[in-house]
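**Q** Below you will find the structure I want to go over with you.
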Amino acid sequence: MPVAVHWFRKALRLHDNPALAKAVAACSAPNSSLLPVYTLDPHFVKNSHIGTNRWLFFLESLQDVDRSLSESGSKLLVLRGEPMTLFSTLFDTLIANGETVSLYFEADTSPYARNRDAAMLELCASKNIAVHTFNSHTLFNPSDVIKVNGGITPIVYQSFLKVITEKMPAIQPATPTLTQVPPLSDEMKALLTYTETFGFDAFQVPSMEDIGKAVPGENLVSTHKGGEREALKRLEEYMKQKDLVCKFQKPETNPAAFQPASTTILSPYLKMGSLSARTFYHELMKVYRASKIGYTKPPVSLLGQLYWREFYYTAGYGTPNFDKMLGNPICKQIPWRTDEQSNVDLEKWATGQTGFPWIDAIMIQLKQEGWIHHLARHSVACFLTRGDLYISWERGAKVFEKLLIDADWSLNTGNWLWLSASAFFHQYFRVYGPVSFPKKYAPESVKYVRKYIPALKNFPEKYLFEPWKCPIADQKKAGCIIGKDYPKPMCDHDAVSKVNIGKMKVAYDEGKVASPPKAPKGKKRPLDED
DNA sequence: GTAATGGTTGCTAAC
DNA sequence: GGTTAGCAACCATTA
């Protein structure tokens, strides 16, 4: 009897999920079964690069999928272990029971996933299992974009925009939402109850404790809730604000705004696939089309934000060693600090102990809530790298990867490359000031710093972003002594940023000398054949 | 080959 | 308060 196995990885949703829809459609024959599977890979579970909030958000997303499946009498099978081993066992069990197995999943372009999925295709081929994959995580398939661009990966946004608007086919309508999926029979449940084999109930979405993760204190648990329901609710709520949607300009939004934030906070849902980028796109188009006041355009518009995601996905796909400096052909080679003190400085930055309230408030919000505004990311990334500490963007990216609930390999890497002036952006002499920048966003930035750094709650506004300049009498009055209740600044920004600009210039000049001769015209940055 | 142009989001002082 | 030049001057693309 036919069994269509749907492998959930991203795309933790029932709306616009082509792979799941096809798997469901394949179950129309009598006695056929849909088996929804998720594999908790030790590559992700055991590594420390996923923080508590990211785990919580993920498990909530998984629970929401299981809840939706359960409403139709189905159930998510959550297997824990190395995917190839698990699927091998699963397939053997099904085949031994006389089933004809087929596998459905959404394609994933990140390096680890590409290797994993290639191995999976081999495994399936060896067992005569038909595999069906679908591109639905992004609006455009990165390899298609590169192909229509003559094998060249666009590394300038405007070039990318030209390619997708002029050379790519129109974005297809979303796949209809699955309101009903085939129920899972008791026989199938009994067959796949691995409790004895693995020591856990695989038909139960695990808790934090189950996967060996501690739940932290209340103040460190993100207020952002995961799941498809929450994603669609947020999308709907945001799209109701038609003026805001049509007038959206990213650089004009306020990084210090909270309750509500000045942007959509849909990124964590897009990352998990709790929200389909295509659904977002079509809902946005509806608002644009109905608008009488016109609407903003990429790169600053809301559509422009969706396209940035596409841009970085494509760059990440087409660039070797994208997440590293060494061996990355588009990355400026910069001798970032690696001395002992840089470890101490990195830690101060990561834990919000720099002595610059704006920087520290951002890093504290990041740790507590798992999300910070894009321009806040700019501020702290510039501070860590070319602005102040001269520490590698790779080390900063790892901290973000752990703490951000929307941590997405392509986007996180791309933005760090940008901010450190290693790729995409090269005006390294434009440095964000840890004091001057937040002043532009008063009074929200004042409230923001007071919220995330309670020690500065009563500190005079005049000195809030540079508290070391505050007269000691006023420090006493505010109940916050700098150097005791809140750290002294870890560096002199004005002096050190000037020195760093000089170092960047040297690194850029040396890069020019060291760079190999340019490839013939039209053959630049060709994509390696798969 | 060279010059001009534009690049989502800097800061400061001067008008 | 809003706009502009200077800062010292980047890159990728296009004319």
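Numbering (the UniProt record's numbering), first residue to last: 1 to 530. Glycine included, every Cβ here is placed at the ideal spot set by N, Cα and C. The structure presented is a predicted model; accordingly, all values stated were derived computationally and were not measured.
#1: If you drop the 5 nearest sequence neighbours on each side, which residues of the same chain put their C-beta closer than 6 Å to that of residue 317?
#2: Taking the alpha carbon of residue 207 as the point to measure from, which residue in 314, 6, 80 has its own alpha carbon closest?
#3: Taking the DSSP output, what are the residues bridged to residue 102?
#4: When the Cα atoms are used, what is the spatial distance from residue 60 to residue 54?
#5: Is the separation between the beta-carbon of residue 67 and that of residue 274 shorter than 7 Å?
#6: State the Cα-Cα distance for the pair residue 121 and residue 131, rounded to the nearest angstrom.
#7: Along the alpha helix (DSSP H) that carries residue 284, what are the first and last residues, could you check?
#8: CB-CB under 6 Å to residue 517, same chain, minus the five flanking residues each way: which ones, in chain order?
#9: Beta carbon of residue 279: closer than 6 Å to some heavy atom of the ligand ADP?
#10: Where are the beta strand (DSSP E) runs, 3 residues long or more, that stay fully inside the segment 239-263, in chain order?
#11: On the DSSP letters alone, give me the boundaries of the beta strand (DSSP E) that residue 34 sits inside.
#12: In terms of alpha-carbon separation, which member of 20, 65, 414, 169 lies closest to residue 228?
#13: Can you give the Cα-Cα distance for residue 194 and residue 74, rounded to whole angstroms?
#14: Looking only at its chain, what residues have a beta carbon closer than 6 Å to the beta carbon of residue 16, apart from the 5 residues adjacent to it on each side?
#15: Bridge partners for residue 78 per DSSP, in chain order?
#16: Please classify residue 266 as buried or exposed, where buried requires at least 16 other C-beta atoms within 10 Å of its C-beta.
#17: Please list the terminal residues of the continuous alpha helix (DSSP H) segment that includes residue 336.
#18: Using only the alpha-carbon positions, how far apart do residue 440 and residue 466 sit?
#19: Below 8 Å on the Cβ atoms is my contact criterion, and I expect residue 533 with residue 6 to pass it. Report the Cβ-Cβ distance as a whole number of Å.
#20: What does the Cβ neighbour count give for residue 231, buried or exposed, with the cut at 16 atoms within 10 Å?
#21: Using the DSSP secondary-structure output, state which residues sit across from residue 486 in a beta bridge.
#22: Tell me the DSSP secondary structure of residue 152 in three-state form.
#23: Kindly indicate which residue of 242, 329, 311, 306 has the alpha-carbon position closest to the one of residue 289.
**A** Quick answer:
#1: A distance below 6 Å between beta-carbons, with the five flanking residues on each side excluded, links residue 317 to the following residues of its chain, in chain order: 109, 142.
#2: Among 314, 6, 80, the Cα nearest to that of residue 207 belongs to 80.
#3: Per DSSP, the beta-bridge partners of residue 102 are 4, 130.
#4: If you take the alpha carbons of residue 60 and residue 54, they lie about 10 Å apart.
#5: No. Outside cutoff.
#6: A direct Cα-Cα distance of roughly 7 Å separates residue 121 from residue 131.
#7: Residues 277-290.
#8: Since pLDDT at residue 517 reaches only 47, below the 50 mark, its modelled position is unreliable, and no value is offered.
#9: With respect to the ligand ADP, the structure offers nothing, as it holds no ligand at all.
#10: As far as the segment 239-263 is concerned, it has no whole beta strand (DSSP E) run of at least 3 residues.
#11: Counting along the chain, the unbroken beta strand (DSSP E) around residue 34 starts and ends at 33-40.
#12: Residue 228 has its Cα closest to that of 65, out of 20, 65, 414, 169.
#13: Approximately 17 Å between the Cα atoms of the pair.
#14: Its chain contains 174, 175, 276, 278, 279 as the residues whose beta carbon lies nearer than 6 Å to that of residue 16, once the 5 sequence neighbours on both sides are disregarded; these appear in chain order.
#15: The partner list for residue 78 (beta bridge, DSSP) reads 38.
#16: Buried, by the Cβ-count rule.
#17: Following the DSSP letters along the chain, one finds residue 336 in no alpha helix (DSSP H), marked with neither H nor E.
#18: Taking the straight line joining both Cα atoms gives about 14 Å.
#19: One cannot answer for residue 533 here, as it falls past the ends of the chain, which runs 1 to 530.
#20: Residue 231 sits buried, since 16 or more C-beta atoms from the chains shown fall within 10 Å of its C-beta.
#21: In the DSSP secondary-structure assignment, residue 486 is bridged to 482.
#22: The answer is strand: DSSP assigns residue 152 an E or B state.
#23: Looking only at 242, 329, 311, 306, the smallest Cα-Cα distance to residue 289 is reached by 242.
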